[in-house]
Amino acid sequence: MSWLLPHGASTFVGEIDWLYYLILWITGIAFVLVEVLLVWFMIRYRARPGRKATYYHGNTRFEIIWTSVTAVVVVIIGVLSAGRWNRIKGRDMVPPNATPIVIHAKQFEWLVTYPGADGALGSADDFQVRSQLHLVVGQPVSVLLTSEDAIHSFFIPAFRIKQDAVPGMNIRVWFQPTEVGEYELGCAELCGLGHYRMRATVTVHSREDFDRWARDRAALSVNK
Amino acid sequence: MAHAGALHDEDVMLPPPGREPGAGVYNEKLGMWVFLGSEVMFFTALIGTYIILRVAHPTAWKAPGVVLAVPITAINTFLLICSSVTMVKAFASVQDGNLSGLRKWLIATVLIGSTFVGVQVYEYRHLIEKGFVPSEGLYGSTFYTMTGFHGFHVTIGVICLIFVTWRAFQGRYSAKDYRGVEVIGLYWHFVDLVWIILFTIVYLI
Amino acid sequence: MRQVLIGGMLLTVAACGGGGEKAGSDTATPAGAAPAAGAAPTAMAGGSVTGHVKFDGAAPANPTIDMSEEAACKGKYTGPALDPVVMVTNGMLGNVVLYVKSGLPAGQTYPVPSEPVVIDQRGCLYHPRALAIMAGQKLEIKNSDPVLHNIKALPTKNRPFNISQPTEGMTTTRTFTTPEDNVPVECNVHGWMHSNIIVLPHPFFAVSGEDGSFTIKGLPAGTYEIEARHAKLGTKTMSVTVPADGAATADFTFAATGT
Amino acid sequence: MATTIGHVDEVTLGGAEVHADTRSFVRKYVFSTDHKIIGIQFLIMSLIFLLLGGVLAMVIRWQLGFPKQPMPLGGVLPETMAPGGVVLPEFYNSLVTMHGTFMVFFAIMPLLVGVFGNYLIPLKIGAPDMAFPRINMASFWIAVPAGFLMLAGFFVEGGHAAAGWTSYAPLSERSDLSGVSMGQILWCISLIVLGLSSILGSFNYITTIINMRAPGMWWFRLPLSIWSLFVTAILVLLAMPILSGAIIMLLFDQTIGTHFFGPAQGGQPLLWQHLFWFFGHPEVYILILPAMGMASDIIANGARKPVFGYTSMVLAILGIGVLGWGVWGHHMFMSGMNPTLGTSFMISTMLIAVPSAIKVFNWLGTMWMGNIRFHVPMLHAIAFVSMFTIGGLSGIFMAATPVDIYIHDTYFIVAHLHYVLFGGSLFAIFAAVTFWYPKMFGRMMSPFWGRVHFFLTFIFYNLVFFPMHNLGLHGHMRRIYDPTQYDFLKPVQPINELISISAFLLFATQLIFATNFIVSWFKGAKAPENPWEDNGLEWTVPSPPPHGNFVSVPHVYRAPYEYSSPFVTEDFLPQNRELPEGVPSAAPHS
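Residue numbers (the numbering used here), protein chains in the order written: chain C, 1315 to 1538; chain G, 2 to 206; chain H, 10 to 268; chain A, 29 to 618.
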């Protein structure tokens, strides 16, 4: 029941978690303030015989204060969000040295096409793997998301990345893993009866490890 | 409060008497104006979709006149405008208490309105024979949905007009109480206005 | 009041429309199954056709399946999992559907076999990979994997269905009401799982086992044209005369290229 | 308009209101044109659908708490839904879809707009009935077939709609993807019919509030519940046709093969999301504004003190009504639309958080220096304020687009929407039903059982929905049938079990409310004329009010919340009470 975000392993983790904790602080304070005031008023001003409530219609100064305070706080959060949002989702912010990968989402599987040794998609040495995403630590990846049938959503909790894959659209999403290890990828948009089964493993290798895997992986001819 | 029943017959065309001043018009007229607000949003949804799809996928549409018969529909549009004119004439004559004029113009409006629907049904049959069906593509889908629902609204309008005409023949309307005529007139002008927009963006572009 | 009537009418249409369909799919409706009225269904005769389906030439390599993401199924294979598209064991070809293509008296109706045709999902593969069934006969779909399989059948003449079996040991029965040449069946959770079903108006069919052998029983005397169909290698036909109560043999051979 | 058909005593405008009642049983209680009877008819229908939505929620919680284990009483379900009591994934998707659809369209919306819109508007503004009584009756009797059509969906081939209550294309429009064909079609037709019923209701409410306010009932003397119902009626009027248009296009895609949302032939799946959420966000304000208005009334009554900042509360309602149209994109940050749109929708969403904050502070201000009576409606209203605060605050996490990247479509969103819908609207509905029950039925609901139900509901409600925030923060995706498939969700499965058990207890507690509601109908204590000593016009007529409501047109002399006024000894001052000369009719406005 913790309010801390689980351990993350991508460059976005720093930016998103910091903003989340900031909002958690702000809303936490607001929450405690309101609920304590509420409980205090309930106790302090409960009905007692012979007592009459104060005939009071409100106070414009208070109204202006709490309206402007709320407005300022939300605008600050908005400004802080806009920069991060553009860095993460901006269409022109994909780092040039990112490895291109195509992930084709279909009902209840992720078909991942790797560029192969030459690092370029569309060449003969590309190979496709079912529901396995293998990455190199520290190497940014630029994923081209396509979908064959329904809307799926490419969601890796550990990398704090989520992007819907919409049939008929090619959507680019990029991220950069920072820790070797094994993580999970799930589908976050209802896409039919097997929506809960669209699980894929995400393995972040060191460079040599990845090359070794890619070499013997390319040898296997994978069925369509 | 004096018993207000006595005033009941004379000023039924005014907003409800003895109440806080509201919109200054009687309930049915205000109700129709508000209802037309919801109809505007309904056609916004359909026409908005058409515009978005056409901007995103222009090749699905053909040049004007290639698939759709513009001349016949132009005449049809003229007919619908005429029916608005006859509606105004009907409304003017009931205001002057000219009940026979009211009946005459109402019948004219009903006839022209139903001719409009007839021509549209004929055009649909002709188009479907030519193979232009809703499942043909975006062009067919948007065309039939928009013009189909407009035709549906015109048909409802004609049915209500027939009902108003029938009550006119019963002598229900007079110079002092012509609410039915005015309310259906509002609806009719709205439906005519929507067609003018539809005719331009569907047939002429 | 007018809207109320329309609403009411819509409601009755939906309710009886719903009711009617429901009965059609699950329970076998014998009346619907038999094609033409024709003579009353006869008892099963004694004749039968047996034989083997041979395969000459080198068997092509079956594609390997990457089941690494499905540990429960991967565990059921020692080596790499192969998709038995062309299942050849010492020269014999399995997964071939054989059935009487013509020669049955026209308009003759046959009793629907009571025992269901079973298609088993084991090791994330369909066993058998192809099968035939009579219209109206129960198709029993069994899931022997502790893993979700969904069975999506997309026939054109029959009603398509898309059902799921999340737990091991689950069985679901469905019936096809009208004969259809090819009903593709697939599992969307495992993209490599494919199967084909042919729905026949009569009960004379069989699927060749791993040893390539098959028997079609209950045939009345007469000469028939038997067709053997393999999902990848195509079809072959052969005409056979069946005695009143004996067995006729019919051996098919498929080649690597397959005509 | 005076009608000559049938019974004589049709309500006449402006004339003597109350007549001898000569209508037959059917005209009086079944096909009645009396806004009070229609209000009660909506109440019964929506409470039934609320219960049904709750049952669906219990099956969902069983499957999430105890995945793939046979459900007790599960055997009653047919083999296509739960063979051997084990819920199937496609049935689970139908459950999720129908739980959302029933609760939003057939429980909360009719309860707020259909029941209290119908019952309170004429009474609180001093009108004899709605502007168009027969259209009002038609509005209910069109909603009934819509309900049956939606129920029929469970019994058709392929099961009920299974694409979420938002029914995203292309899953919703292609039966080969979802395995559902007739169910989705029935879902569409039912909502189109319900849309017609809502539109008929909304222009009726708007005309009544504008044109039929009693003399003296100026716009700024309207109770806040009527203000919120007025703005809500405008939102319904303008939003429901968009939904009808969008669903008609979806229905055509499914039936006659048009290509609005199918990507294969040029259609756009995002277009459905835009259309749905352009309706969807005003819809969620339709689901909360009446609750806010009625909570304001009840809190002012409970605190025996005028509402803090009446004018700013009205401006906040209008602000929410207007800004509500410009924020729909925040449901679609991840949908693949252009990211720069994400920034603009984030800004408009941040702006709309301000009016909600104003309302919360004003409710607190109302209770400040009050003389608070803790009657059962007041308990629910206070719970509404505290729970709505949590819902509002959790909304800010989602408005911040980078944080939304992580929590979109997770259980954090489910927690947020249940805090505003259950914690917000449903607590306000419990308050409103208990508060106006004596006016509707002439009897009081038992205060003891009301308190038992309140405390148990409050506890179990928080036990169910508060941990969902933590599930969401852990990455638990929405609408998944069996969370144990994911290793990173296995450690949080005990939370799912806790939520499920609390949910069963929460459902059991609602049976207390149901019994209290039904038993009090016959055995409840006779209601005094003004049980809560409220200022509203509805308490100046007998309970239940006769057909035509007021013997003579009431005259309004002051604002609705003149509690603890120095000019009278009692601590309440009804709006229509005439004071002797020289006594100001309203205090100087803040």
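Ideal placement from N, C-alpha and C gives every residue a C-beta, glycine not left out. Please read all numbers here as calculations on a predicted model, not as lab measurements.
Q. Name the chain H residues that come within less than 9 Å of G207/A, Cβ to Cβ?
A. N159, K161, P169, F170, N171, I172 and S173
Q: Take A428/A and list the residues in its own chain whose beta-carbon comes closer than 8 Å to its own, dropping the five residues that flank it on each side.
A: M374
Q. Anyone know if the C-beta pair for S414/A and L1347/C falls short of 9 Å?
A. no
Q) So who's on the other strand from N205/H, going by DSSP bridges? A) A139/H and P193/H
Q) Which of the residues in the segment 1347–1360 of chain C, read from start to end, lie with their CB under 8 Å from any CB of chain A? A) V1348, E1349, L1351, L1352, F1355, M1356, Y1359 and R1360
Q.
As a quick exercise: from T262/H, G231/H, A237/H and G60/H, pick the residue whose alpha carbon is nearest that of A54/H.
A. G231/H
**Q.** Whole-angstrom distance between K241/H and A67/H, CA atom to CA atom
**A.** 15 Å
(Q) Against chain H, with Cβ distances strictly below 9 Å, would F1469/C count as a contact? (A) no
Q: Tell me whether K1403/C sits in a helix, a strand or coil according to DSSP, three-state version.
A: helix
**Q.** Residue nearest to L1425/C in terms of C-alpha spacing, selected from P72/H, I207/H and W201/H
**A.** W201/H
Q | Nearest-angstrom Cα separation, counted from E566/A out to G229/A | A | 21 Å
**Q.** S222/H (DSSP reduced to helix, strand or coil)
**A.** strand
(Q) For the segment 173–184 of chain G, list every residue whose C-beta sits within 8 Å of some C-beta in chain A, in sequence order. (A) R180
Q: Quick one: using the 10 Å Cβ neighbour count with 16 as the cut-off for buried, is K177/G buried or exposed?
A: exposed
Q | Whole runs of the beta strand (DSSP E) within the segment 280–313 of chain A, excluding any shorter than 3 residues | A | none
Q: Determine the closest residue to G295/A out of S195/A, L421/A, A190/A and L278/A, with distance taken between C-alpha atoms.
A: L278/A
Q: Buried or exposed for S248/H, please, with buried defined as at least 16 other CB atoms from any protein chain shown within 10 angstroms of its CB.
A: exposed
**Q.** Which listed residue (Q117/H, G116/H, K85/H and G221/H) has its alpha carbon closest to that of T262/H
**A.** G221/H
Q. Quick one: what's got a C-beta closer than 8 Å to L205/A's C-beta in the same chain, skipping five residues either side?
A. P198 and L199
Q: Assign V1457/C to buried or exposed, taking buried as 16 or more other Cβ atoms, counted over all protein chains shown, within 10 Å of its Cβ.
A: buried
Q: List the endpoints of the continuous beta strand (DSSP E) containing G129/H.
A: Strictly speaking, residue 129/H in this sequence is Asp, with Gly absent from that position. V126 to R131 is the span of the beta strand (DSSP E), which, as asked, contains D129/H.
**Q.** C-beta contact flag for V1443/C and Y1428/C at 9 Å
**A.** yes
Q. Hey, out of Y1335/C, I1330/C, A1396/C and V1451/C, whose CA is closest to S1316/C's CA?
A. Y1335/C
Q: Could you check if V22/H is buried or exposed, using at least 16 other CB atoms within 10 Å of its CB as the buried criterion?
A: Per-residue confidence for V22/H stands at a pLDDT of 40, beneath the threshold of 50, marking its modelled position as unreliable; no derived number is given.
Q) Among G145/H, G255/H, G116/H and T176/H, which has the Cα closest to the Cα of I225/H? A) G255/H
Q) Would A5/G count as contacting chain A if we go by Cβ distances under 9 Å? A) Because the pLDDT at A5/G is just 39, under 50, the model does not fix this residue reliably, and the point stays unresolved.
Q) Taking the runs of the beta strand (DSSP E) that are 3 residues or longer, which of them lie wholly in the segment 1426–1514 of chain C? A) 1441–1444, 1446–1450, 1455–1461, 1466–1470, 1475–1479, 1485–1489 and 1495–1501
Q.
For K1366/C, tell me which candidate among L80/A, M395/A and Y196/A has the shortest Cα-Cα distance.
A. M395/A
Q: May I have the straight-line CA-CA distance separating G243/A from L250/A, to the nearest angstrom?
A: Here the sequence assigns Pro to residue 243/A, which means Gly is not the residue at that position. Approximately 12 Å between the Cα atoms of the pair.
Q.
Report the CB separation of K85/H from D260/H in whole angstroms; it is logged as a contact under 8 Å.
A. K85/H to D260/H, Cβ: 33 Å. No contact.
(Q) So for A323/A, helix, strand or coil by DSSP? (A) helix
Q | Given A141/H as reference, the closest of G243/H, H211/H, K245/H and T250/H once Cα atoms are compared | A | H211/H
Q.
If contacts are defined as beta-carbon pairs under 8 Å, then F1469/C and L1499/C qualify, I think. What distance do you get, rounded to the angstrom?
A. 7 Å
Q: Identify which residue in V184/G, E137/G and D193/G has its Cα closest to the Cα of Q293/A.
A: E137/G
Q. Can you name the residues of chain H whose CB is closer than 8 Å to the CB of G1508/C?
A. L157, N159, S173, N197 and V198
Q.
So for T258/H, helix, strand or coil by DSSP?
A. strand
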